[in-house]
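The structure appears right after this line, and notes come after that.
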Amino acid sequence: MAFVYKGAARRGAVWSDAFARRMPQLPFRTWPDVGDAREVRFLATWQAPEDLAQTFPNLEVLFSVGAGVDQFDLSALPAEVRVVRMVEPGLVACMAEYVAWAVLSLHRGAPLYLGQQRRGEWKQHSVQPASTRRVGVMGMGQLGCAALAQLRTLGFDCAGWNRSRREEPGVRCYAGEAELAEFIARTDILVCLLPLTGETRAILNTNVFDALPAGASVVNAARGGHLVEADLLAALDAGHLCAAILDVCEPEPLPRGHAFWEHPRIWLTPHVASETQDETAAAALLDNLRRYHEGLPMQGLVDRSRGY
Ligand code: NAP
Ligand code: GLV
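If you read the sequence shown in the working numbering, its first letter stands for residue 727, the second for the next number, and so on.
What follows is the structure in structure tokens.
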């Protein structure tokens, strides 16, 4: 039985050390030095090898090194292979921080003032208290709930929208398609933290943008596939939306010459909203392996039929 890690060497070194200390009985191998591939029961990677089932015929668990699993072709995996996304506190904390930064920037008009500075324009706009700014987070999972908790400490009027009904202290919770319109209509700053699935692809579109209050802004820290780019540009250029902060796009990197690069009211970050943190992620992986061996449910086990 062996564990294979396929990814950045620096993380591999940290994880190899952690495995040697805490689970020495499980050989840790680093791609492409996998040894006898038939012994490999566990693979942790962002990008699986194309012929995964042939490469590791006895694979039992595929761990994503990130929170998302949309990069895997789940339909090509043998049915018995479990897929596990990364649930670890370092990744969650970084995302809460990014969302706080993005929401505060939009709340305090940072894109507006940057534009004014570039034009040499000294013009004051009224300051609105956070308690009157309605922030709405789509996706109340690990990341969405952490972001909401952080936003609450900053005093925002917070709501969340989720597939199944959630209850979060101090957060107005909406559930399912039936309550999407009501959620959108009360949202001044919309934050997307949904997984990318057949149901959520292109969810940030004209219907949603038109239903947001005039002057609303959008943050997409989930996946580029959630956003219909032309619809965002149209809503910004029509003056209905105020600004957008986008951490993700499709494809990545954003192609040269793309309209987003130069748009005065779009801020881009290059898919850095959050990142798996090597030490805390090693602890989470080892804990999941322990759970697996003891027959307990693993944290972040993906429902393959739902795609997240
Ligand atoms: P998670 O814990 O699985 O949470 C996903 C949430 O979305 C769940 O609460 C789920 O509802 C909800 N959801 C799923 N489909 C839905 C739908 N059709 N309508 C409404 N709600 C729906 O995932 P997470 O760890 O929070 O991560 C979310 C995503 O963030 C990842 O999939 C990844 O794409 C993205 N991400 C981006 C970065 C970055 O740096 N930009 C970093 C990490 C992650 P239920 O409770 O009903 O299941
Ligand atoms: C990053 O995008 C992740 O899914 O962890």
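Glycine is no exception: its CB is placed at the ideal position from the N, C-alpha and C atoms.
Here the structure is a predicted model, which is why all the values come from computation and not from measurement.
Need the endpoints of the beta strand (DSSP E) that residue i sits in, please.
| i | result |
| --- | --- |
| C918 | I915 to C918 |
| M707 | Nothing in the structure corresponds to residue 707, since the chain is present only between 727 and 1034. |
| Y1079 | Here the chain covers residues 727 to 1034 and nothing more, so residue 1079 does not appear. |
| W757 | No beta strand (DSSP E) contains W757, which DSSP labels as neither H nor E. |
| R898 | R898 to A901 |
When you compare only the Cα positions, how much space is there between residue i and residue j?
| i | j | result |
| --- | --- | --- |
| M1024 | E894 | 23 Å |
| L752 | A819 | 29 Å |
| M866 | R808 | 23 Å |
| A1010 | R1017 | 10 Å |
| V740 | A956 | 42 Å |
| G896 | A826 | 17 Å |
| Q773 | Y900 | 34 Å |
| A961 | G816 | 35 Å |
| S852 | T1002 | 39 Å |
| F754 | L922 | 31 Å |
| D1029 | E1020 | 20 Å |
| L930 | D914 | 14 Å |
| Q850 | H989 | 22 Å |
| A873 | L785 | 34 Å |
| D936 | V787 | 43 Å |
| A942 | R912 | 10 Å |
| E776 | K732 | 13 Å |
| C884 | M864 | 11 Å |
| R898 | L840 | 32 Å |
| W848 | P855 | 22 Å |
| V861 | M821 | 16 Å |
| S1000 | R891 | 26 Å |
| L916 | V944 | 5 Å |
| N1014 | L1027 | 10 Å |
| T932 | Y824 | 25 Å |
| S742 | D1004 | 11 Å |
Could you please give me the residues that DSSP links to residue i through a beta bridge?
| i | result |
| --- | --- |
| A969 | S943 |
| V861 | C884 and I915 |
| R889 | None, per the DSSP bridge assignment. |
| W993 | I971 |
| V810 | F789 and L1027 |
| L953 | L930 |
| K732 | T771 |
With residue i as the anchor, note down where its alpha helix (DSSP H) starts and where it stops.
| i | result |
| --- | --- |
| V934 | T932 to A937 |
| A770 | Run containing A770: none in the alpha helix (DSSP H); it sits in the beta strand (DSSP E), V766 to T771. |
| L788 | Not the alpha helix (DSSP H): L788 falls in the beta strand (DSSP E), residues V787 to S790. |
| A805 | Counting along the chain, A805 falls outside any alpha helix (DSSP H), and DSSP gives it neither H nor E. |
| T879 | Q868 to T879 |
| F986 | A985 to E988 |
| P921 | No alpha helix (DSSP H) holds P921; DSSP gives it neither H nor E. |
| P979 | Segment: none, P979 is in no alpha helix (DSSP H) and carries neither H nor E. |
| Q1003 | Unbroken run through Q1003: none, as it is neither H nor E. |
| R844 | A836 to R844 |
| L778 | L778 to T781 |
Buried or exposed: which applies to residue i, given that a residue is buried once 16 or more other Cβ atoms fall within 10 Å of its Cβ?
| i | result |
| --- | --- |
| N946 | buried |
| E925 | exposed |
| T879 | exposed |
| R953 | Note that residue 953 is Leu in the sequence shown, not Arg. Result: buried. |
| G846 | exposed |
| G886 | buried |
| S801 | exposed |
| D759 | exposed |
| W993 | buried |
| P977 | exposed |
| A779 | exposed |
| D799 | exposed |
| H833 | buried |
| D963 | exposed |
| L980 | buried |
List the whole-angstrom C-beta distance separating residue i from residue j, where the pair is believed to meet the contact cut-off of C-beta under 8 Å.
| i | j | result |
| --- | --- | --- |
| F986 | L967 | No, F986 and L967 are not in contact; Cβ-Cβ is about 14 Å, not under 8 Å. |
| C918 | G950 | Rounded, the Cβ-Cβ distance is 11 Å, inconsistent with contact. |
| F782 | L769 | 6 Å |
| G902 | R889 | 6 Å |
| G761 | A735 | So it is not a contact: roughly 18 Å between Cβ atoms. |
| A793 | M812 | 5 Å |
| T771 | V791 | 6 Å |
| R737 | L1012 | The pair is not a contact, with the Cβ atoms about 14 Å apart (cut-off 8 Å). |
| A948 | L920 | 5 Å |
| G881 | S857 | 5 Å |
| A969 | A744 | At roughly 41 Å, the Cβ-Cβ gap does not stay under 8 Å, so A969 and A744 are not in contact. |
Counting only beta-carbon separations shorter than 8 Å, does residue i have a partner in chain D?
| i | result |
| --- | --- |
| F986 | Within the model displayed, chain D is absent; a lone protein chain is all it includes. |
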